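Enquirer:
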Amino acid sequence: MSVPPRLPHLAVALDTPDAPGPFDAQHYIRLARLAERGALDFVTLGDTFARPGPDALAVLARVAPHTDHIGLVPTVTTTHTEPFHVATAVQTLDWVSRGRAGWQADVSRTPAEAALFGRRPAAPADALWREAADVADVAGRLWDSWEDDAEIRDAATGRFIDRGKLHYVDFRGTSSTGEPFSVRGPSIVPRPPQGRPVIVVDATEDAARETAAARADIALVRAEDPDTAATARAELRARAEELDRDPDRLRVLASLPVELPAPGDAAGLAELLTDWHTTEAADGFHLRPADPERDLAHLVEGTVPVLRRRGLLRRSYPGATLRDHLGLERPASRYAVRTGEAS
Amino acid sequence: MTTARKQLHLAAHFPGVNNTTVWQDPRSQSQIDFDSFVHLARTAERGLFDFFFLAEGLRLREHKGRIHDLDVVGRPESLTVLNALAAVTERLGLAATVNATFNEPYELARRLATLDHLSDGRAAWNVVTSSDAFTGENFRRGGYLDHADRYTRAAEFVATARELWDSWSEDGTPRPFAHSGQHFDIHGEFTVPRSPQGHPVVIQAGDSPAGRDFAASAADVIFTRHGTLEAGRAFSADVKGRLAAHGRTHDSLKIMPGVTFVLGDTAAEAQEKAHHIRRQQVSPQNALLTAEQIWGVDLSHLDPDGPLPDFDPEPEPKLTQGRTRLGDPQEIAGRWRALSETKGLSLRETVIEATGRQSFIGTPETVAAEMDAFVTAGAADGFILVPHLTPGGLDEFVDRVVPLLQERGAFRTEYEGGTLRSHLGLEQPAARPVWKG
Ligand SMILES: Cc1cc2nc3c(=O)[nH]c(=O)nc-3n(C[C@H](O)[C@H](O)[C@H](O)COP(=O)(O)O)c2cc1C
Chain D
1 MSVPPRLPHL AVALDTPDAP GPFDAQHYIR LARLAERGAL DFVTLGDTFA
51 RPGPDALAVL ARVAPHTDHI GLVPTVTTTH TEPFHVATAV QTLDWVSRGR
101 AGWQADVSRT PAEAALFGRR PAAPADALWR EAADVADVAG RLWDSWEDDA
151 EIRDAATGRF IDRGKLHYVD FRGTSSTGEP FSVRGPSIVP RPPQGRPVIV
201 VDATEDAARE TAAARADIAL VRAEDPDTAA TARAELRARA EELDRDPDRL
251 RVLASLPVEL PAPGDAAGLA ELLTDWHTTE AADGFHLRPA DPERDLAHLV
301 EGTVPVLRRR GLLRRSYPGA TLRDHLGLER PASRYAVRTG EAS
Chain R
1 MTTARKQLHL AAHFPGVNNT TVWQDPRSQS QIDFDSFVHL ARTAERGLFD
51 FFFLAEGLRL REHKGRIHDL DVVGRPESLT VLNALAAVTE RLGLAATVNA
101 TFNEPYELAR RLATLDHLSD GRAAWNVVTS SDAFTGENFR RGGYLDHADR
151 YTRAAEFVAT ARELWDSWSE DGTPRPFAHS GQHFDIHGEF TVPRSPQGHP
201 VVIQAGDSPA GRDFAASAAD VIFTRHGTLE AGRAFSADVK GRLAAHGRTH
251 DSLKIMPGVT FVLGDTAAEA QEKAHHIRRQ QVSPQNALLT AEQIWGVDLS
301 HLDPDGPLPD FDPEPEPKLT QGRTRLGDPQ EIAGRWRALS ETKGLSLRET
351 VIEATGRQSF IGTPETVAAE MDAFVTAGAA DGFILVPHLT PGGLDEFVDR
401 VVPLLQERGA FRTEYEGGTL RSHLGLEQPA ARPVWKG
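Chains as they are written, first to last, in the working numbering: chain D, 1 to 343; chain R, 1 to 437.
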């Protein structure tokens, strides 16, 4: 059965639609703190090489010490980047935020973006998303490549680590343009607080669905109505199951544009979210404000209290990590079962 | 305070993944928890340091085909930590070591410019060039670059990054860029407006003639291993001598050797502490490993408290990967034997004596005087301090030596400007007025 098992998740995008992303750290800190006051699960910040804006992961690392609870989910593309650098940057975001990192894996489609790197031509969406799945796969392996108890600091033998608990990942994948690539490992970064940071994929587009079903903890679906969201959710869950995943570990959030020019609009939004939740259209919501400063304030002051009164939103954070907020357990390293194997 | 006095610059190196960092000490804390980075960075800022510095290694070191386990292992991705540190510091420069071989100019220039914005002008990039196939195994392109090409790529990389940093007009309009060269053929628009420093500060750490030329042509700061007065003088003269050919002034390149220090209330106490630290750094296991790096063969059957090997090293030792070579093995082995025979030292004692002695050992007064003299003599413009303990290894220096340097008039008593360029006394690069392409 596909009954949403828990309170709806609530997340918000910090992006400034149709305008260059600001470069002022205080702007993002204000927004993230506001979202944290509403006890939302996480904030997302998009990133693209196609228009002006800062590096999103850098921005959320800058925000991390100014916040205590809120999950931080930057977009990082998998197309023209090095999987090893992407994996270690996200892993480091988890360290500096003490377990609040996520990663929205995305692709870069345009010839203009390809020309900024000059290495590979642009590729069709299917190939880009297949590559993204490989990159997310190897990132997960790199995050697991140090077992949690690899650091031993054993003075008697002079060993800082037990190297039997560090693992080569020896991953082989395929780039969007068809060439093979490989990553040896292990990561240069110890296993982070969440074990594996939370992976988010925008699964609106057909080409991204398989990647989301295979690799995402959270799938976002941009939808105009509850039926569309429910259909996408059912499909994603079915595909996850075909891939031997527990479909309850793939949370599907309806991603909705919101515009709250007046405080009263916030109550209207609460009605809408309640309706969508009642029809079991999604496991929660990812809201995309038209004007983040204005809309987020109205959301936290107007929508959040209504949802709380209805028992649809928590009043405070139950735990410390993004996984805690989402009710996703901390995964054991996939290599930990093979104990004793020397690296 | 005498104004004519030469001012020294100070930077704090987060303790690294080598045996300089002592982890067996009860005061040693996590090498990866963010708290450790916050502690060291705030200590450096309390001491009015120019910048905080992170090294990089893109593959875990190996010895005898296995992951090296005797030293601290594991560190964060530098730029991400520095962005977070920008939140808990206000003036301190933030320097990341990032490899020019396994990155692309567009993405890295963007990440560095973002850090410069988010820190209000405190970003620096230490350009390193390791290009070995061993490291390449972690990357899509593999070990594609010949060792000889490491600096042609690095030079073109830095030049391209500067084109990107210059691509926006000062009034905030993006202008298209196009770069076509041996290593990069790219065009389009940069996503980041000109950052507070114009260009983040560029640091270089390499020692070959090609590396020195690259520094003389493109760097603002050199991070060097020449940490003795004589070697520093020679290095400084050599590198600064190369500046004129690039149309640069003597002052436009700062030379900062990486140095270690041990403080004591008396000279004798400092010496004793220094020796104790050396014994912690060179554990029996580490002594054998160091000897294996020189001899190029397995020496696990030897007793570290016994004599050195009685045979000659392999001509081309390859036991260790992912680490800079210590030098010519035959020559080193010869020196070690002589040392061991003259002083009657065991293998471990020889390693302790022959490697990594601390640069400055003494009371705070003597250390301050020696550092000042070093800079006054033109052997360096300042120092990158490498503490041996995480994260408290800089506390005592900041509490006890910095005030003495200030009393001597050799070090700032407050930050004058907000940017790293202003701390280092470097000019702001001129903005490019119009697109010339
Ligand atoms: C003081 C110093 C520090 C260095 N730190 C790093 C580092 O953190 N990461 C790295 O990959 N290489 C590092 N290197 C290596 C250099 O970038 C360079 O690749 C190497 O020295 C070879 O260049 P060369 O032949 O000019 O010396 C360092 C070198 C020096 C001298």
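Using N, Cα and C, we set each Cβ at its ideal position, and we do this for glycine too.
In this text the structure is predicted, and so the values were computed from the model without any measurement.
For V337 (chain D), tell me which candidate among D:P193, D:L253 and D:D148 has the shortest Cα-Cα distance.
Expert: Locating residue 337 (chain D) in the first sequence gives position 337, where the first residue counts as 1. Measuring from the Cα of V337 (chain D), the nearest candidate turns out to be D:D148.
Enquirer: According to the neighbour-count rule (16 or more other Cβ atoms, all chains shown, within 10 Å of its Cβ), is F190 (chain R) buried or exposed?
Expert: Indexing the second sequence from 1 puts residue 190 (chain R) at position 190. F190 (chain R) is buried by the Cβ-count criterion.
Enquirer: Of all Cβ atoms in chain R, is any one closer than 8 Å to the Cβ of F181 (chain D)?
Expert: For the purposes of this step, residue 181 (chain D) is taken as the residue at position 181 of the first sequence. Taking Cβ atoms only, chain R reaches closer than 8 Å to F181 (chain D), which makes this a yes.
Enquirer: Step through the CB atoms of chain D and report whether any lies within less than 8 Å of the CB of P438 (chain R).
Expert: This structure cannot speak to residue 438 (chain R), because chain R is shown only from 1 to 437.
Enquirer: With a cut-off of 8 Å on the beta carbons, I'd call V76 (chain D) and D47 (chain D) a contact; round off their distance for me.
Expert: Start at 1 with the first residue of the first sequence, and residue 76 (chain D) comes out as number 76. Start at 1 with the first residue of the first sequence, and residue 47 (chain D) comes out as number 47. At roughly 7 Å, the Cβ-Cβ gap stays under 8 Å, so V76 (chain D) and D47 (chain D) are in contact.
Enquirer: DSSP has R66 (chain R) in a bridge; who is on the other side?
Expert: Residue mapping note: residue 66 (chain R) aligns to position 66 of the second sequence, counting from 1. Beta-bridge pairing links R66 (chain R) to R:H63.
Enquirer: Using 8 Å as the limit for Cβ to Cβ distance, is T419 (chain R) near chain D?
Expert: Residue mapping note: residue 419 (chain R) aligns to position 419 of the second sequence, counting from 1. Judged by the 8 Å Cβ criterion, T419 (chain R) is not in contact with chain D.
Enquirer: Take every Cβ of the segment 21-31 of chain D, pair it with every Cβ of the segment 51-58 of chain D, and state whether three or more of those distances are shorter than 8 Å.
Expert: Short answer: they touch.
Enquirer: At a cut-off of 7 Å, would you count A223 (chain D) as near ligand 2, judging by its Cβ distance to the nearest heavy atom?
Expert: As for ligand 2, it is missing from this structure, which binds only ligand 1.
Enquirer: Along the chain, where does the alpha helix (DSSP H) that runs through R7 (chain D) open and close?
Expert: Position 7 of the first sequence, counted from the first residue, corresponds to residue 7 (chain D). The sequence shown places Leu at residue 7 (chain D), rather than the Arg named in the question. Here L7 (chain D) belongs to no alpha helix (DSSP H), and DSSP marks it neither H nor E.
Enquirer: Among R:I294, R:H301 and R:D303, which has the Cα closest to the Cα of D312 (chain R)?
Expert: Your numbering for residue 312 (chain R) matches position 312 in the second sequence. Checked all of R:I294, R:H301 and R:D303; the closest Cα to D312 (chain R) is R:I294.
Enquirer: Can you check whether the C-beta of V96 (chain D) is within less than 8 Å of a C-beta belonging to chain R?
Expert: For the purposes of this step, residue 96 (chain D) is taken as residue 96 along the first sequence, with counting starting at 1. Yes, its Cβ sits closer than 8 Å to a Cβ of chain R.
Enquirer: Return no unless some Cβ of chain R is closer than 8 Å to the Cβ of H66 (chain D).
Expert: For the purposes of this step, residue 66 (chain D) is taken as the residue at position 66 of the first sequence. By this cut-off, H66 (chain D) is an interface position.
Enquirer: With DSSP collapsed to three states, give me the class of I384 (chain R).
Expert: In the second sequence, residue 384 (chain R) corresponds to position 384, counting from 1. Strand at I384 (chain R).
Enquirer: Give the range of the beta strand (DSSP E) segment to which G362 (chain R) is assigned.
Expert: Start at 1 with the first residue of the second sequence, and residue 362 (chain R) comes out as number 362. That run of the beta strand (DSSP E) goes F360 to G362.
Enquirer: May I ask you to verify whether the segment 295-314 of chain R touches the segment 381-399 of chain R, counting CB pairs closer than 8 Å and requiring at least 3?
Expert: The answer is no - the segment 381-399 of chain R does not touch the segment 295-314 of chain R, with fewer than three Cβ pairs under 8 Å.
Enquirer: Just grab the DSSP bridge partners of T77 (chain D) for me.
Expert: Start at 1 with the first residue of the first sequence, and residue 77 (chain D) comes out as number 77. According to DSSP, T77 (chain D) bridges with D:D106.
Enquirer: List the residues of chain D that H444 (chain R) touches, going by C-beta distances under 7 Å, in chain order.
Expert: Given that chain R is displayed from residue 1 to residue 437, the structure contains no residue 444 (chain R) and the question cannot be resolved.
Enquirer: Anything in chain R within Cβ reach of V189 (chain D), meaning under 9 Å, just list it in chain order.
Expert: Residue 189 (chain D) sits at position 189 when you count from the first residue of the first sequence. What V189 (chain D) touches in chain R: I32, G74, R75, P76 and E77.
Enquirer: Using a C-beta cutoff of 8 Å, does L70 (chain R) count as contacting chain D?
Expert: Along the second sequence, read from residue 1 onward, the residue named residue 70 (chain R) stands at position 70. Closer than 8 Å: yes.
Enquirer: How should P176 (chain R) be labelled, buried or exposed, when 16 other C-beta atoms within 10 angstroms of its C-beta is the threshold for buried?
Expert: Position 176 of the second sequence, counting from 1, holds the residue named residue 176 (chain R). Looking at its Cβ environment, which holds fewer than 16 other Cβ atoms inside 10 Å, P176 (chain R) is exposed.
Enquirer: Measuring only the C-alpha atoms, how far is L299 (chain R) from G232 (chain R)?
Expert: The count along the second sequence starts at 1 and reaches residue 299 (chain R) at position 299. The count along the second sequence starts at 1 and reaches residue 232 (chain R) at position 232. Between L299 (chain R) and G232 (chain R), the C-alpha separation is close to 35 Å.
Enquirer: Would you decide whether G16 (chain R) is buried or exposed? Buried here means 16 or more other CB atoms lie within 10 Å of its CB.
Expert: In the second sequence, residue 16 (chain R) corresponds to position 16, counting from 1. Buried: at least 16 other Cβ atoms inside 10 Å.
Enquirer: Is the beta carbon of R61 (chain R) sitting closer than 8 Å to the one on Q281 (chain R)?
Expert: If you number the second sequence from 1, residue 61 (chain R) lands on position 61. If you number the second sequence from 1, residue 281 (chain R) lands on position 281. For R61 (chain R) and Q281 (chain R), no; Cβs fall outside 8 Å.
Enquirer: Measuring alpha carbon to alpha carbon, tell me which residue in R:G181, R:V73, R:A155 and R:V192 is nearest W165 (chain R).
Expert: Within the second sequence, the letter at position 165 stands for residue 165 (chain R). That would be R:V192, whose Cα lies nearest to the Cα of W165 (chain R).
Enquirer: Checking contacts by CB at 8 Å: is K436 (chain R) closer than that to chain D?
Expert: Numbered from its first residue, the second sequence carries residue 436 (chain R) at position 436. Residue placement at K436 (chain R) is poorly supported in this model, since its pLDDT is 48, which falls under 50; the coordinates still yield a value, given next. Judged by the 8 Å Cβ criterion, K436 (chain R) is not in contact with chain D.
Enquirer: Along the segment 150-174 of chain D, what residues have a CB closer than 8 Å to any CB found in chain R?
Expert: Those residues of the segment 150-174 of chain D that come within reach of chain R (Cβ to Cβ, closer than 8 Å) are E151, R153, A155, T157, G158, R159, F160, I161, D162, R163 and L166.
Enquirer: Can you tell me whether G382 (chain R) sits near ligand 1, meaning its C-beta is under 7 Å from at least one heavy atom of the ligand?
Expert: Here residue 382 (chain R) corresponds to residue number 382 of the second sequence, with the count starting at 1. False, no ligand heavy atom lies under 7 Å from that Cβ.
Enquirer: Cβ atoms of L250 (chain D) and A240 (chain D): under 8 Å apart, would you say?
Expert: Position 240 of the first sequence, counting from 1, holds the residue named residue 240 (chain D). Position 250 of the first sequence, counting from 1, holds the residue named residue 250 (chain D). Cβ distance < 8 Å, so A240 (chain D) and L250 (chain D) count as in contact.
Enquirer: If contact is defined by three or more beta carbon pairs under 8 Å, each pair taking one atom from either stretch, is the segment 210-224 of chain R in contact with the segment 32-45 of chain D?
Expert: The segment 32-45 of chain D vs the segment 210-224 of chain R: no contact.
Enquirer: What does the Cβ neighbour count give for R66 (chain R), buried or exposed, with the cut at 16 atoms within 10 Å?
Expert: Here the question's residue 66 (chain R) lines up with position 66 in the second sequence. Counting Cβ neighbours within 10 Å, R66 (chain R) comes out exposed, since fewer than 16 surround it.
Enquirer: Under the rule that 16 or more other beta-carbon atoms within 10 Å means buried, what is G241 (chain R), buried or exposed?
Expert: Taking the first residue of the second sequence as 1, we reach residue 241 (chain R) at position 241. Exposed is the call here.
Enquirer: Just checking: is the beta-carbon of I67 (chain R) within a distance shorter than 8 Å of some beta-carbon in chain D?
Expert: For the purposes of this step, residue 67 (chain R) is taken as the residue at position 67 of the second sequence. Output row for I67 (chain R): interface = yes.
Enquirer: Let me know if P17 (chain D) comes out buried or exposed under the rule of 16 or more other beta-carbons within 10 Å of its beta-carbon.
Expert: Reading the first sequence from its first residue, position 17 is the one you call residue 17 (chain D). P17 (chain D) is exposed by the Cβ-count criterion.
Enquirer: Mind checking whether A150 (chain D) and D134 (chain D) have CB atoms under 8 Å apart?
Expert: Position 150 of the first sequence, counted from the first residue, corresponds to residue 150 (chain D). Position 134 of the first sequence, counted from the first residue, corresponds to residue 134 (chain D). Cβ atoms of A150 (chain D) and D134 (chain D): not closer than 8 Å.
Enquirer: Can you tell which of D:V252, D:L243, D:T110 and D:R159 has its C-alpha closest to the C-alpha of T204 (chain D)?
Expert: Within the first sequence, residue 204 (chain D) is the residue found at index 204, counting from 1. The candidate whose alpha carbon is nearest that of T204 (chain D) is D:V252.
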